[in-house]
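Note sheet for the following structure.
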C-alpha cells in the first residue's frame, strides 16, 4: 500500500483538524474527511514521524464523529514533550497555527 507522510495539520478556529499537509507532495493538502476515507477504504496509509519512528495514523470512532489518531498511547506520550517544544499538538498531530 502507498504511504503518505504528514508533516502538518490545519485546524479550524474551534481547534478541529480540517486538513493534513505535506508541502512537498502533490496531493497536499488533503481534507480530514478524505484522509479518513483513504484509510478506511485502504487506498493509502498515512504516517507521522515521532522521535525518528514512523507512526501510522488510524481512524478512531469518537462520540458522534470519526477522527484521526495514532495506535500507541505510549508512543504519543513519549513524544509529546519533544513535539511541544516545536509545534502545537492536538490529538497528537502537528498543527499549523
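Numbering (the working numbering), first residue to last: 41 to 137. Note that beta-carbon positions come from the ideal geometry of N, C-alpha and C, so glycine has one too.
Item: Same chain only: Cβ atoms within 6 Å of residue 107, ignoring 5 sequence neighbours per side; Value: 100
Item: Classification of residue 96 by the beta-carbon crowding that lies within 10 angstroms, buried from 16 upward; Value: exposed
Item: Helix, strand or coil at residue 56 [DSSP, three-state]; Value: coil
Item: Burial state of residue 78 (16 or more Cβ within 10 Å); Value: buried
Item: Cβ pair residue 58, residue 52 closer than 7 Å; Value: yes
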